[in-house]
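Numbering (full-length UniProt numbering), first residue to last: 1 to 258. Positions of the beta carbon are idealized from the N, C-alpha and C atoms, including for glycine. Keep in mind the model is a prediction, meaning the values are calculated, not measured. For reference, the structure discussed in these notes is given below.
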DNA sequence: ACTCGGCTCTTAGATTGCTT
DNA sequence: AAGCAATCTAAGAGCCGAGT
């Protein structure tokens, strides 16, 4: 699904072709997920688009959804778009989308087609626009900057007994994100808005901030950014084999005031 | 002929988890 | 502790053709 065009019909962002269900065999490295695509036990190397870890899951044995790539230059014919922590073979599993770069395309569709009405109803949407010393994902109607984040390192879902986990590492860097937010606030002119979209490609009931070693410091700089006018919104998407819908979106800004 | 524009193709860089 | 893996993007190189 890397370059394939998305369309939107009503409230649904539609995949160009339906995703394919498969079972994960293993993840040998950062980029590859070996999957059994047709249930025969044959393994196919699929691209893993996730930039970091997926919760602390061991993916082996979990069901997943694949998109077929039509790029002939690719070595892997499929991209893993989602995984499920439900028991393998479950009838209608809850999917957890893992393609963070695809989220930007979903958000673009959502903006253009007014699927986030509480935030903004866009007339024009520009991508990758500079603000201060950074580039923000979108500039909407010349006055609203939108930055998309899709955290996957701490999945906030219940795990059944069949799911194995690995020990969680000491939680590296929310640092870059915080720095980004800070710059966002400082670069803002009076008539402009900046919106940080915290996106989930699954049903996350309430975004929780996990305490880190320098939690207070982080809270302080985020609070400062909020003071400077940055808004923080949570967007839950719901993904199935045919497309993506906005399940809900809500304003979290108040939680980050000091 | 020479230059400039536009197009295409190539290449370098960024992106880290997992296994041995 | 070290090496491996694939994709996307941006920037650069190279090429061809047209216009002056």
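According to DSSP, residue 45 sits in a beta bridge with which residue or residues? 34
Quick one: complete beta strand (DSSP E) runs, 3+ long, within the segment 84-169? 125-131, 134-140, 144-149
Distance check for residue 24 and residue 113, CA to CA, integer angstroms please. 34 Å
From residue 122 to residue 217, what distance separates their C-alpha atoms? Answer to the nearest angstrom: the Cα atoms are 35 Å apart.
Given that a residue counts as buried once 16 or more other Cβ atoms are within 10 Å of its Cβ, and exposed if not, what is residue 258? By the Cβ neighbour-count rule, residue 258 is exposed, with fewer than 16 other Cβ atoms within 10 Å of its own.
Taking only three categories from DSSP, how would you classify residue 201? coil
Within this structure, are the beta carbons of residue 139 and residue 152 separated by less than 8 Å? Contact: no.
How about the segment 195-202 and the segment 219-239: do they share at least three Cβ pairs that are nearer than 8 Å? Flag = yes, the segment 195-202 and the segment 219-239 touch.
Judging by CA-CA distance, which residue of 141, 50, 183 is the nearest neighbour of residue 124? 141
For the ligand NAD, I want to know if residue 25 counts as a neighbour, meaning its beta carbon is within less than 7 Å of at least one of the ligand's heavy atoms. The ligand NAD is absent from the structure shown, which contains no ligands of any kind.
Buried versus exposed call for residue 150 [16 or more other C-beta atoms within 10 Å across all chains shown]: buried
Can you give the Cα-Cα distance for residue 10 and residue 250, rounded to whole angstroms? Within the model, the alpha-carbon separation for residue 10 versus residue 250 is close to 20 Å.
When the Cα atoms are used, what is the spatial distance from residue 62 to residue 103? 22 Å
List the endpoints of the continuous beta strand (DSSP E) containing residue 22. Taken as a continuous stretch (DSSP letters only), the beta strand (DSSP E) holding residue 22 covers 20-26.
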